[in-house]
Amino acid sequence: MSEREPVEILLAEDNPGDVKLTRKALEKGRLANNLHVANDGVETMQFLRGEGDYAETPRPDLVLLDLNMPRKDGREVLAEIKESDDLRRIPVIVLTSSEAEEDVIKSYEHHANAYLTKPVDFDGFIDVVGTLEKFWLQVVKLPPE
Amino acid sequence: MPPNRRTSLVVLSGIGAILAGVLLFDVYEDWQVQGTTLTSTVVENALPFVLLLGTFYLIRRLYRGAYDDAFVGTVTMWTAAGALTIGGLVAWVVGIQVLQNEIKPVIIVLQTAVVGTAAGLLVGQRTASVQQEQERTRREKERFRALFENDPSGIASLRRHGDRLVVESANPSFASLFGSTEGKALEAALPQLAAEAVAAFREHTTERERFTTETTLRTEDGTKHFVIELVPFGAEEVAEPQSYVIFQDVTEIRETKAELERTVEQLERSNEQLQQFAYVASHDLQEPLRMVSSYVDLLASEYEDELDDEADEYIEFAVDGAQRMQAMIDDLLQYSRVHTQGEDFAETDPTAVLERVLRDLELLIEEQSATVTHGDLPAVVADENQLGQLFQNLLSNAIEHAGDADDPPTVHVDGEERTDTVVFSVTDDGPGIPEDQQERMFELFEQSSRDDEGTGIGLAVCRRIVDRHEGDIWIESAAGEGTTFHIALPTRAPQQSTSSGRIE
């Protein structure tokens, strides 16, 4: 992965407040990135598969997935991604407000690459996104496309 | 009657009989040998007669009260009668021989007395036993009758007569339930009774087997539910076997039971809803709260230069409010998890649990320069994590509130084994809690005067944990004399609480 090429991130999140927060947090980071947003599970799958309006969009390097979304929730999206031969190599980070043990266990059972809880204050949120950015996009070696 | 008392009775009766024999022989001798007239003989011997009768009267008096009246009466009477009649008769018959053969009269007197006493005693005792038996039977009958007549259950005795069961007799309860039934065939007496039940009664009466059934029947007092018990009785191998049927009215018990079941069900449902509510509230409340606090933060950081001091203060209040709400929600979640996320109960070593908790509290203990000691802590059956939570909440509570700058807190944990329970105590040397505040402290979000930092949920969680363990928690404290929290936990496993509706 070239340093200059921006990283493609897909954020699957229905709450515009959270979308904005994530965008802000990523802006504060040092890494060049393109943040794409899908507002529900169906859109997320369409984006990943390059269907419909998303025929021209790039394949994301990383998916940030909220669990509670309309139409198709994050749990189903995660299962579909990890069952697909084509998509399962894309790292999926579950980013949610749920601290429920069951959600954590289910997510890892469906091969989520990480599970993060959204902190309640903005500074904490920036920290989490920053750590995430640093680890997944700079430290970790991801599979080539 | 004990044997020694019986013997003394016999001896006394025997003495009486000997006296009777002597007397009779004397009378006979006077009359027959010396030739006095009968009247003068009787008159001459009247005093000894009266004495003799007096002796028997005394014997009766002596034994009455202590023993069965009828028995004593019968024995003395028959012994006396035997002695008098048989003894007299023998004395009379043998007396003639005495006069002819010159046998010593004293021997004859003794002989007759002994024979008379023995005979009297034999007859007397036998009669007494028969009387006693009759009396016993009569009393038993009376007892049974009283039971039968007064039993609140409807009881009827049945006799198999050919192919039918006939109601021989019924008690008043039975009559008040089903009207006049005596002498009728069972199916005619109780037409509302199912044919299968009648058949079963007949079958079991014949087979001499007990039989129980439940049924709802129309009665004179309305429809009632009965537990019916059939109890065969009487000798085996008879042409017409007999049995009792006992109709126990369980309508009220059943209604109460149904009511109770309904209440329990409602309670379980509302409890489940409550747990779900607490969980959902704490979960779904997080989302908007996060928005509030995050955006207030963002506002503060992005418009830092454009806002004045007052605006900063507003923001501070908003952030503080959001943070406190967050803390409360976390507590609520913890509170709701006591039941939904409880582990199974197991034999637990409280010392190990306490030591773990003390390690977790190390920072706080150091901060407050607190001294924490503990005695022997007997094992309990508990959810280990929750026992730890109990210790942690009570200890941090004590450490935070017991000390001040000059006087660092001292806390002692102890355990005492009682019947089926262990009572743990956490004692501090703090300012104490006034009695009127003690009970309130266990309520949800109740902030005591000594609590200015927490959200007031620690003790509510403690109570909920203790409740789950079917234990007890209470405060012993007086103003200025420190505080002791007691926790009683069972040493045997309580009924596992159902964690139905487990949502996490």
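Heads up: the protein sequence lines correspond to chains W and Y, in order.
The first sequence begins at 1 in the UniProt record's numbering and counts up by one.
The second sequence begins at 1 in the UniProt record's numbering and counts up by one.
Virtual Cβ for every residue (Gly too), placed ideally from N, Cα, C.
Straight-line gap, residue i to residue j (C-alpha atoms, nearest Å)
i      : j      : result
Q273/Y : E347/Y : 31 Å
K72/W  : F47/W  : 14 Å
G430/Y : F424/Y : 18 Å
G17/W  : Q386/Y : 37 Å
V104/W : H283/Y : 14 Å
N68/W  : E259/Y : 42 Å
R418/Y : H412/Y : 19 Å
V120/W : F485/Y : 35 Å
V422/Y : R356/Y : 20 Å
D451/Y : E101/W : Note that D451/Y has pLDDT 46, beneath the 50 cutoff, so the model's placement of it is unreliable and the number below is only indicative. Going from the Cα of D451/Y to the Cα of E101/W covers about 31 Å.
G375/Y : S396/Y : 18 Å
G154/Y : S173/Y : 5 Å
D151/Y : N171/Y : 8 Å
I487/Y : I399/Y : 18 Å
G183/Y : G162/Y : 14 Å
Q36/Y  : G124/Y : Checking the sequence, you will find Thr at residue 36/Y rather than Gln. Roughly 35 Å between the two C-alpha positions.
L177/Y : V167/Y : 14 Å
A55/W  : L26/W  : 25 Å
F144/Y : S129/Y : 22 Å
T491/Y : E416/Y : 11 Å
H36/W  : V296/Y : 25 Å
W474/Y : Q438/Y : 8 Å
G130/W : F122/W : 12 Å
S169/Y : E207/Y : 21 Å
S243/Y : T205/Y : 6 Å
S448/Y : D436/Y : Because S448/Y sits at a pLDDT of 48, beneath the cut-off of 50, its placement in the model cannot be relied upon, and the following sentence gives the value as read from the coordinates. Those two C-alpha atoms are separated by around 11 Å.
E481/Y : A402/Y : 11 Å
V50/Y  : V27/Y  : 14 Å
Terminal residues of the beta strand (DSSP E) in which residue i lies
i      : result
P490/Y : T483 to P490
G222/Y : G222 to F233
Y115/W : A114 to T117
R159/Y : G154 to H161
A12/W  : V7 to A12
I475/Y : D472 to S477
I93/W  : V92 to T96
D246/Y : Residue identity check: residue 246/Y is Ile in the sequence provided, not Asp. Element bounds for I246/Y: Q242 to D249.
L459/Y : Taken as a continuous stretch (DSSP letters only), L459/Y belongs to no beta strand (DSSP E), being part of the alpha helix (DSSP H) at G458 to R468.
D428/Y : T421 to D428
L64/W  : L62 to L65
S169/Y : R164 to A170
D414/Y : T410 to R418
L35/W  : N33 to A38
V381/Y : V380 to A382
8 Å contact criterion, which residue i and residue j should meet: CB distance rounded
i      : j      : result
A382/Y : D349/Y : Going by Cβ atoms, the distance from A382/Y to D349/Y rounds to 10 Å, so no, they are not a contact pair.
E109/W : D66/W  : Actually they are not in contact, since the Cβ atoms of E109/W and D66/W sit about 18 Å apart, beyond 8 Å.
D30/Y  : T41/Y  : 5 Å
V94/W  : Y115/W : 5 Å
V250/Y : V227/Y : 5 Å
L158/Y : L165/Y : 5 Å
G41/W  : E83/W  : About 14 Å; that fails the 8 Å criterion.
V353/Y : G388/Y : 5 Å
A156/Y : V238/Y : Not really, about 19 Å apart at Cβ, beyond 8 Å.
L444/Y : I457/Y : 6 Å
Where the alpha helix (DSSP H) containing residue i begins and where it ends
i      : result
A188/Y : L186 to A189
L48/W  : G41 to R49
Q326/Y : D309 to T340
T39/Y  : L38 to E44
Q437/Y : E435 to Q438
D360/Y : P350 to D360
A25/W  : P16 to K28
R202/Y : A195 to E207
A370/Y : A370/Y -> no alpha helix (DSSP H), and no H or E assigned at all.
F122/W : F122 to K134
Contact between the stretch 5 to 15 of chain W and the stretch 58 to 67 of chain W: three or more CB pairs below 8 Å? yes
Would you check if the stretch 358 to 367 of chain Y and the stretch 392 to 399 of chain Y touch, i.e. whether three or more CB-CB distances between them fall below 8 Å? yes
Taking only beta carbons into account, state which residues of the stretch 109 to 126 of chain W come closer than 7 Å to chain Y, listed in chain order. K118, V120, D121, F122, D123 and F125
Would you check if the stretch 333 to 341 of chain Y and the stretch 456 to 471 of chain Y touch, i.e. whether three or more CB-CB distances between them fall below 8 Å? yes
Tell me whether the stretch 214 to 234 of chain Y and the stretch 283 to 302 of chain Y touch, counting them as touching only if at least three CB pairs, one residue from each stretch, are closer than 8 Å. no
Per the contact definition of three or more C-beta pairs closer than 8 Å, is the stretch 181 to 199 of chain Y in contact with the stretch 210 to 225 of chain Y? yes
Proximal residues, the stretch 283 to 294 of chain Y versus chain W, C-beta separation under 8 Å: H283, Q286, E287, L289, R290, M291, S293 and S294
Chain Y contacts from the stretch 2 to 18 of chain W (Cβ-Cβ distance under 9 Å): N15, G17 and D18
Members of the stretch 326 to 341 of chain Y that neighbour chain W once the beta carbon cut-off is set at 7 Å: Q326
The stretch 382 to 410 of chain Y: positions lying closer than 9 Å to chain W by Cβ: none
Taking a cut of 7 Å between CB atoms, which residues from the stretch 297 to 326 of chain Y lie near chain W? D297, L298 and Q326
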